[in-house]
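FYI, the numbering for the sequence shown is 25 to 153, going by my numbering.
Remarks on the structure that follows.
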Amino acid sequence: MHNKNCKPRSPKSDVVEKGENLDGSITYTKNINGKNVQVTYSKEGYPDFSPFSHPDYPDPVEINMTGNNYKDFKAANEKIGLSGANPPDGYTWHHLEDGKHMLLVDSSVHDATLGGFPHTGGASIVKNN
25 MHNKNCKPRS PKSDVVEKGE NLDGSITYTK NINGKNVQVT YSKEGYPDFS PFSHPDYPDP
85 VEINMTGNNY KDFKAANEKI GLSGANPPDG YTWHHLEDGK HMLLVDSSVH DATLGGFPHT
145 GGASIVKNN
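Okay, structure coming up:
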């Protein structure tokens, strides 16, 4: 879930713990499906979902990002040899803040509507530039 004004967002509710790190990043812990899950947001406010990447596709893929989920998901799927725009079950594509890369990550951690971590990502940035 992304916001329209591109200001980085961080969790405001359901946070079990919040820890500030020496590099200016902040690690949030939320309970998702009965497990405490931690995601670290950079000092600029962007989440690092890489610990939750798909085991078969752990690296970001570069695409010509549009900010449109259908187009971007389809392009990212093609990069890893999948057809169509639907990511593998239980996963979604995360638009990285560089506006070029996508990372296949666990939906329950990524999607705030599923109890995951709210954030601003590359889709919001690309749409607003």
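For each residue, glycine too, the CB sits at the ideal point set by N, CA and C.
Integer Cβ distance of residue i from residue j, believed to fall under 8 Å
{"i": "residue 61", "j": "residue 54", "result": "6 Å"}
{"i": "residue 104", "j": "residue 96", "result": "Not really, about 13 Å apart at Cβ, beyond 8 Å."}
{"i": "residue 50", "j": "residue 44", "result": "5 Å"}
Buried or exposed (CB count within 10 angstroms, at least 16 for buried), residue i
{"i": "residue 121", "result": "buried"}
{"i": "residue 128", "result": "buried"}
Paired residues, beta bridge with residue i - DSSP
{"i": "residue 52", "result": "42, 63"}
{"i": "residue 86", "result": "125"}
{"i": "residue 130", "result": "115"}
Coarse secondary structure for residue i, derived from DSSP in three states
{"i": "residue 122", "result": "coil"}
{"i": "residue 115", "result": "strand"}
{"i": "residue 75", "result": "helix"}
{"i": "residue 80", "result": "coil"}
{"i": "residue 106", "result": "coil"}
**Message:** Quick test of the definition: if touching needs 3 or more C-beta pairs under 8 Å, does the region 111–127 touch the region 71–80?
**Reply:** yes
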